[in-house]
Amino acid sequence: MAAVIYQEARDCDRRLSQYFNSNRSQWVDIVKAMVAARGSCTAHNPKSSAGFFAWDAGITRMRQMFCREGWNALDESGVELIVNHDFRRKVTVMNADKGVCDPLRSPRNRTEKGPMAEKISDLNNQLDLFRRDNPREVRHDIYDLWQLCVFDNGKDVRAELSRPIEFRGGFYIGYSERIWIIRPGEWERIAVEMPAEDDGQDFDITVRRK
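Structure representation (structure tokens):
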């Protein structure tokens, strides 16, 4: 199934508000934190540090921002995310390849993932089938799970929020919806903008473990 892609700013803003009660600048701020963390690595850091630092900064900043707006931090079998029980949605962060914001390709995780990642796409598929067969009912045991996919090669940065539905060989390869956050060619302008005044450092977060 081909993904529904929201590229135009107006469409993206509408979906971000409808699905997450959020705006684009909030997600851009998370990406900025990830890029800064990746950039802090030196030649002396272990090879995997850049990806870990970026992922860690993304999860942390996302929780600092959204846990004061009705979301909760959650560790679900090792998948770090935020969850909103009113919207029935979860969001996590993923370092991705150059398929991000490419209408001809799908974002793929940069490192191979295990069974829990496959379960995410399976649950989204189950939810789609249920909605198709029961359009007026709500399934309370499964939430939509989205990923903030970020591509950063040191020169170009792109980002999108995507809902995975296909996983194969350790990699996400298909999505039902994709909302573009930082489009091709936008990063150079965004990178020189002043950072947000609120760094979220004084906000305590409780992470539930499942």
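Counting the sequence shown from 1 gives a position; the working numbering is that position plus 58. No residue lacks a Cβ here, since even glycine has one placed at the ideal position from N, Cα and C.
Check, Outcome
"Give me the Cα-Cα distance between residue 181 and residue 172, rounded to the nearest whole angstrom.", "15 Å"
"What three-state label does DSSP hand residue 160 in the structure shown?", "coil"
"Would DSSP call residue 140 helix, strand or coil?", "strand"
"Distance, Cα to Cα, residue 144 vs residue 136?", "23 Å"
"Closer than 8 Å is the cut-off here; do at least three beta carbon pairs connect the segment 156–165 with the segment 128–142?", "no"
"If you count every other CB in all the chains shown that lies within 10 Å of the CB of residue 116, and 16 or more means buried, which is it?", "buried"
"Taking only the alpha-carbon atoms, compute the straight-line gap between residue 212 and residue 119 and give it to the nearest angstrom.", "20 Å"
"Please classify residue 281 as buried or exposed, where buried requires at least 16 neighbouring CB atoms within 10 angstroms.", "This structure cannot speak to residue 281, because the chain is shown only from 59 to 268."
"Below 8 Å on the Cβ atoms is my guess for residue 223 versus residue 199; work out the distance and round it to an integer in Å.", "Wrong, their Cβ atoms sit about 18 Å apart, outside the cutoff."
"Determine the extent of the alpha helix (DSSP H) in which residue 100 is found, giving its start and end residues.", "It is not in any alpha helix (DSSP H) - residue 100 carries neither H nor E in the DSSP assignment."
"Determine which residues share a DSSP beta bridge with residue 224 and list them.", "232"
"Which stretch, first to last residue, makes up the alpha helix (DSSP H) that contains residue 176?", "173–191"
"In this structure, how does DSSP classify residue 72 when only helix, strand and coil are distinguished?", "helix"
"Is it buried or exposed for residue 60, if we count other Cβ within 10 angstroms and need 16 for buried?", "exposed"
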